[in-house]
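Single-structure report; data block below.
Number of protein chains: 2
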Amino acid sequence: MREYYSITELTREFDISTRTLRFYEDEGLIQPVRRGRTRLFRPTDRHLIRQIMRGKRLGFSINEIREIIQIYKEPPGEVGQLKLMIKRIEEKRDDLRQKRRDLEETLAELDQAEESCVERLAELGVNT
Amino acid sequence: MREYYSITELTREFDISTRTLRFYEDEGLIQPVRRGRTRLFRPTDRHLIRQIMRGKRLGFSINEIREIIQIYKEPPGEVGQLKLMIKRIEEKRDDLRQKRRDLEETLAELDQAEESCVERLAELGVNT
DNA sequence: TGCGTAATTGACTTTTACGTAAGTGTCATG
DNA sequence: CATGACACTTACGTAAAAGTCAATTACGCA
């Protein structure tokens, strides 16, 4: 496991711009350390970026991603806080389950659409 | 099956604003007919709205949603077009499969996070 | 020690997806 | 016929999430 990554290394790996990474830092999603003014990204930052990209692909806003990320950070010590956190996890999970239903339905419709196309091709005497 | 729906009926059903529906019309995603200047939405528009909402929840942009919607519209008659369409369907499907992976990973991490919380509660002597 | 490359900050701009406000029209109902 | 509910258009506004550009600064090395 590498100790540090440069900003351009990560922009290449995740195919994003430096502006984006700095934006995420401004938003408090990642906290790379500094050597002078230069940002040094640790494996934990890298993993966070991975989670951010996943969240983005799933259509979560920065704020929602922030909420999800905070969930991963060590569970709190107080009972009330813990119960609250569990409630929030449930909510996110429901959210994701809805997305999963949406996803399956959309996939099914795409399958149907493709089948129509293939049939239509067959009618035209094209071997797929 | 109802013949027509009013704009406010649909805003209530889908919990969106009239502005949003008019915006989708401007964007060419739906084409309600008119009686005078008043929009009349047919079942097909209603179904399109359902698809749009699904797409939105999955984080697709209006343009991506437009692409998906166009896929559902009757397969074209020409062989080249049909093959192109099948290619596009494949692409969307890959897209959705990536989302599914993202989704499962995120769910798994949430599960883990919840487990930590529950354990922590148990340590504190709280019965869940 | 000069130079290229990588990095930084800050300001300004852009795109997407609507929100909001202003000014009207239409129609049923009390 | 006044009122309220619903509808319309046009125009401008806005928040989120970066993109872009300019002006510096720092480093590595030939």
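Chains as they are written, first to last, in the working numbering: chain A, 1 to 128; chain B, 1001 to 1128.
No residue lacks a Cβ here, since even glycine has one placed at the ideal position from N, Cα and C.
In terms of beta-carbon proximity, residue 73(A) stays away from the interface with chain B, with every pair separated by 7 Å or more. DSSP places residue 118(A) within a helical segment (H, G or I) once states are collapsed to three. Judged by DSSP in its simplified three-state form, residue 72(A) adopts helix.
With contacts defined by Cβ atoms closer than 7 Å, residue 45(A) and residue 30(A) form a contacting pair.
In chain order, 110 make up the part of chain A whose C-beta sits under 7 Å from the C-beta of residue 1092(B). Burial state of residue 1009(B) is exposed, judged by a 10 Å Cβ sphere holding fewer than 16 other Cβ atoms. Per DSSP, residue 1042(B) lies in no alpha helix (DSSP H) segment and is marked neither H nor E.
The residues 1030, 1052, in chain order, have a CB closer than 7 Å to that of residue 1024(B) in the same chain once the five nearest residues on each side in sequence are set aside. At least one CB of chain B lies nearer than 7 Å to the CB of residue 99(A).
Shown here, residue 79(A) sits in a helix according to DSSP, grouped into three states.
Excluding its 5 nearest sequence neighbours in each direction, residue 76(A) has C-beta neighbours in its own chain below 8 Å: 82, 85, listed in chain order.
Between the C-alpha atoms of residue 50(A) and residue 1034(B) there is a straight-line separation of about 48 Å.
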